[in-house]
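Engineer: Residue numbers (the numbering used here): -6 to 165. Backbone N, C-alpha and C fix where the C-beta goes; we use that ideal spot for every residue, glycine too. Nothing here was measured: the structure is a model prediction, and the numbers come from that model.
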Amino acid sequence: MYENLFKSPLHRVFVYGTLKQSEPNHGLMKDTANGYAKFLGLGKTTVQYPLVIATKYNIPFLLKKPNTGNYVFGEIYDVDSNMLKRLDELEEHPQFYERTEETVLLASEAAFKSEKTFEEVSESTKAWIYFLPKFKSSLLDGTMYKSYSNNGSHGLKYCENYEEAASLDDVL
Ligand code: PCA
């Protein structure tokens, strides 16, 4: 295990959608057969982006349109190269989502529960985020969320296993 970590450097990832704890694709990160993933804490973007739920499969997307939408909350993990490869496969990077490295804020869960603001208890770090780089402008017409939950009051349930079936036509 540690031997593998030396061979395989860690990559920091900010997840905002179905990969988060209690969300439909989180099992993938917990499966050690896919590699290593360590939860570091809660994350928040330092730039506003539109977080939308789109296509008939109700897939969450962070649209690559800075200064639009919200500072978005997610979770930050350190993953090894095997896990990153697995995540890239799921998100179909770079054909569908595109992973780019961004500056984000990282706070421990405990610190977040204190009275202080996220900014007060967090530190700045760089992490990979899966964005939708190109999209049709109608995706900007719907609700822009601050954080994603499949069980949110929006009622838009994610259709598992359909990510691969989601055609680019739905969003481009
Ligand atoms: N999975 C990735 C991108 C969107 C999604 O559903 C994530 O959770 O960050």
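Looking at Y9 and the ligand PCA, is the gap between the Cβ and the nearest heavy atom below 6 Å?
Structural biologist: yes
Engineer: Hey, quick one: how far does the beta strand (DSSP E) through E68 stretch, first residue to last?
Structural biologist: 66 to 72
Engineer: For G34, which three-state DSSP category applies?
Structural biologist: If DSSP states are grouped into helix, strand and coil, G34 belongs with the strands.
Engineer: Grab the span of the alpha helix (DSSP H) containing A104 for me, first residue to last.
Structural biologist: A104 -> alpha helix (DSSP H) spans 102 to 105.
Engineer: Helix, strand or coil for F124? Go by DSSP, reduced to three states.
Structural biologist: strand
Engineer: Please report the straight-line C-alpha distance between M137 and H19, rounded to a whole angstrom.
Structural biologist: 22 Å
Engineer: With respect to 6 Å, is the separation between the Cβ of P43 and the closest non-hydrogen atom of the ligand PCA below this value?
Structural biologist: no
Engineer: From H147 to G135, what distance separates their C-alpha atoms?
Structural biologist: 11 Å
Engineer: Go to H19, then tell me how far its alpha helix (DSSP H) extends in each direction, as first and last residue.
Structural biologist: 19 to 23
Engineer: Shortest alpha-carbon distance to G28 belongs to which of L3, N144, Y151?
Structural biologist: Nearest C-alpha to G28: L3.
Engineer: Exposed or buried, which one is G145 when buried takes at least 16 other CB atoms within 10 Å?
Structural biologist: exposed
Engineer: Would you tell me roughly how many angstroms separate the C-alpha atoms of L33 and N63, rounded to the nearest one?
Structural biologist: 22 Å
Engineer: Is the region 72 to 86 in contact with the region 35 to 43, if contact means three or more CB pairs nearer than 8 Å?
Structural biologist: no
Engineer: Which residues does DSSP pair with A47 in a beta bridge?
Structural biologist: A47 pairs with I52.
Engineer: Please determine, among C152, R92, L125, the residue with the shortest C-alpha to C-alpha distance to F7.
Structural biologist: R92
Engineer: Could you work out which residue in F111, K127, E94 is closest to A100 when comparing CA atoms only?
Structural biologist: F111
Engineer: For P126, I'd like the list of residues in its chain whose CB is within less than 6 Å of its CB, leaving aside the five on either flank, ordered along the chain.
Structural biologist: K57, E91
Engineer: With C-beta atoms as the reference, is G36 less than 7 Å away from G67?
Structural biologist: yes
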